[in-house]
Amino acid sequence: KQEVTQIPAALSVPEGENLVLNCSFTDSAIYNLQWFRQDPGKGLTSLLLIQSSQREQTSGRLNASLDKSSGRSTLYIAASQPGDSATYLCAVLYYGGATNKLIFGTGTLLAVQP
Amino acid sequence: DGGITQSPKYLFRKEGQNVTLSCEQNLNHDAMYWYRQDPGQGLRLIYYSQIVNDFQKGDIAEGYSVSREKKESFPLTVTSAQKNPTAFYLCASRSTSRGPTDTQYFGPGTRLTVL
Chain R
864 KQEVTQIPAA
874 LSVPEGENLV
884 LNCSFTDSAI
894 YNLQWFRQDP
904 GKGLTSLLLI
914 QSSQREQTSG
924 RLNASLDKSS
934 GRSTLYIAAS
944 QPGDSATYLC
954 AVLYYGGATN
964 KLIFGTGTLL
974 AVQP
Chain Z
25 DGGITQSPKY
35 LFRKEGQNVT
45 LSCEQNLNHD
55 AMYWYRQDPG
65 QGLRLIYYSQ
75 IVNDFQKGDI
85 AEGYSVSREK
95 KESFPLTVTS
105 AQKNPTAFYL
115 CASRSTSRGP
125 TDTQYFGPGT
135 RLTVL
């Protein structure tokens with residue numbers, strides 16, 4: 864069964880701290896992996912997308928890495944800010960011919976304290 | 025502005041009623057998706073559509089129905105057969121012209137509550 868797990872489920876850090884969110888997946892035959900941000904009661908915003916052939920992607924203070932062989936990805940957030948407070952979701956894309964399927968993790972709820 | 029709109033933002037349903045959630049996109053995307061989100065769980069796929077007049081069941085399609093008569097629109101009906109419909113519903117769309125690796129774009133969601 865294709866499953867995606869995120870650890871920790873919740874995280875609280877003081878402003879300015881660097882932090883790492885973890886994502887693991889059971890089936891390594893992925894097409895790509897994405898990290899999304901979700902604010903309370905809102906839709907999802909794509910942060911970073913890593914193709915299966917890539918090792919990492921960077922956008923501003925965010926860096927996502929991918930180790931397909933071990934079934935792991937990490938999202939590194941540098942110099943965290945209160946505005947980073949949100950739920951972060953990891954999603955893995957499996958491609959099956961004419962269709963593709965995104966499998967989502969349960970998310971990590973991040974609170975950055977001022 | 026290009027994007028995905030969902031309406032209403034909040035919806036209340038009585039037991040035994042059918043309700044329809046609207047999803048419209050002006051991104052010219054071929055593929056559209058409906059997900060359900062419950063507290064402590066990841067998003068689960070209800071239905072998806074790759075082209076007009078065609079749609080496929082996702083992982084939790086029981087108690088739901090959809091139609092895709094226009095490229096821009098993919099409404100979801102929550103029927104009385106859905107035993108636990110209270111949840112947050114998210115619609116997404118994706119361009120298929122650049123292959124399977126393009127990202128999905130999400131709407132703002134509809135929160136459905138059964139009274």
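Heads up: the sequence lines are chains R and Z, in that order. Each number in this note's numbering corresponds to the 1-based position in the first sequence with 863 added. Each number in this note's numbering corresponds to the 1-based position in the second sequence with 24 added. Glycine included, C-beta positions come from ideal geometry on N, C-alpha and C. Because the structure is a prediction, the values reported are computed rather than measured.
Legend entry - C-beta contact flag for R/Q901 and R/A949 at 9 angstroms: As a position in the first sequence, residue 901 of chain R is number 38, starting the count at 1. As a position in the first sequence, residue 949 of chain R is number 86, starting the count at 1. Going by C-beta atoms, R/Q901 is nearer than 9 angstroms to R/A949.
Legend entry - Z/P32 - DSSP class collapsed to helix/strand/coil: Stepping through the second sequence from its first residue, residue 32 of chain Z is reached at position 8. Of the three classes helix, strand and coil, the one that applies to Z/P32 here is coil, per DSSP.
Legend entry - Residues near Z/F36 by beta carbon distance below 7 angstroms, same chain, minus five either side: If you number the second sequence from 1, residue 36 of chain Z lands on position 12. Cβ neighbours of Z/F36 beyond the five flanking positions: T137 and L139.
Inset, instruction - Kindly identify the DSSP beta-bridge partner or partners of Z/T137. - result: In the second sequence, residue 137 of chain Z corresponds to position 113, counting from 1. Note: Z/T137 sits in a beta bridge opposite Z/F36.
Inset, instruction - Report yes if the C-beta distance between R/Q873 and R/L973 is below 9 angstroms; otherwise report no. - result: Your numbering for residue 873 of chain R matches position 10 in the first sequence. Your numbering for residue 973 of chain R matches position 110 in the first sequence. Note on residue identity: the sequence assigns Ala, not Gln, to residue 873 of chain R. A contact, by the Cβ cut-off of 9 angstroms.
Inset, instruction - Please go through the same chain and pick out, in chain order, the residues whose beta-carbon is closer than 7 angstroms to the beta-carbon of Z/Q41, but skip the five residues on each side of it. - result: By one-based count along the second sequence, residue 41 of chain Z stands at place 17. Excluding positions up to five away in sequence, the list reads S104.
Inset, instruction - Select from the segment 883-911 of chain R all residues with a C-beta closer than 9 angstroms to any C-beta belonging to chain Z, and list them in chain order. - result: Y894, N895, Q897, F899, Q901, G904, K905, G906, L907, T908 and S909
Inset, instruction - Give me the Cβ distance between R/F899 and Z/G66, rounded to the nearest whole Å; I'm assuming they're in contact under 8 angstroms. - result: Within the first sequence, numbered from 1, the residue matching residue 899 of chain R stands at position 36. Within the second sequence, numbered from 1, the residue matching residue 66 of chain Z stands at position 42. Going by Cβ atoms, the distance from R/F899 to Z/G66 rounds to 11 angstroms, so no, they are not a contact pair.
Inset, instruction - Given a cut-off of 9 angstroms, decide if R/V975 and R/V876 are closer than it, judged by their beta-carbon atoms. - result: Counting from 1 along the first sequence, the entry for residue 876 of chain R is found at position 13. Counting from 1 along the first sequence, the entry for residue 975 of chain R is found at position 112. Going by C-beta atoms, R/V876 is nearer than 9 angstroms to R/V975.
Legend entry - For R/D947, three-class secondary structure by DSSP: On the first sequence, residue 947 of chain R is found 84 positions in, with the first residue counted as 1. Helix.
Inset, instruction - Taking R/L925 as the query, report the chain Z residues whose CB atoms sit under 9 angstroms from its CB, ordered along the chain. - result: The residue labelled residue 925 of chain R in the question sits at position 62 within the first sequence. Result: empty, since nearest Cβ-Cβ is about 15 angstroms, beyond 9 angstroms.
Legend entry - Exposed unless 16 or more other CB atoms sit within 10 angstroms - verdict on R/S936: Numbered from its first residue, the first sequence carries residue 936 of chain R at position 73. So R/S936 ends up on the buried side.
Inset, instruction - Please determine if the segment 126-135 of chain Z and the segment 77-94 of chain Z are in contact, where contact requires at least 3 C-beta pairs separated by less than 8 angstroms. - result: no
Legend entry - Identity of the residues DSSP links to R/D930 by a beta bridge: Looking up residue 930 of chain R in the first sequence gives position 67. The partner list for R/D930 (beta bridge, DSSP) reads R/R935.
Legend entry - Residues of its chain near Z/N77, where Cβ-Cβ distance is below 8 angstroms and the 5 sequence neighbours each way are ignored: On the second sequence, residue 77 of chain Z is found 53 positions in, with the first residue counted as 1. Within the same chain, Z/N77 has close Cβ partners R92 and E93.
Legend entry - 9 angstroms Cβ cutoff met for R/N885 and R/Q869: By one-based count along the first sequence, residue 885 of chain R stands at place 22. By one-based count along the first sequence, residue 869 of chain R stands at place 6. Against a cut-off of 9 angstroms, the Cβ pair of R/Q869 and R/N885 comes out as a contact.
Inset, instruction - Check whether the Cβ of R/T969 lies closer than 9 angstroms to any Cβ atom in chain Z. - result: Locating residue 969 of chain R in the first sequence gives position 106, counting from the first residue. Yes, contact with chain Z.
Legend entry - Nearest-angstrom beta carbon gap, Z/T120 and Z/Q80 [assumed within contact, 8 angstroms]: Residue numbering aside, residue 80 of chain Z sits at position 56 when the second sequence is read from its first letter. Residue numbering aside, residue 120 of chain Z sits at position 96 when the second sequence is read from its first letter. That pair is no contact at about 14 angstroms.
Inset, instruction - For the segment 37-70 of chain Z, enumerate the residues whose C-beta is nearer than 9 angstroms to any C-beta of chain R, in chain order. - result: A55, Y57, Y59, Q61, G64, Q65, G66, L67, R68 and L69
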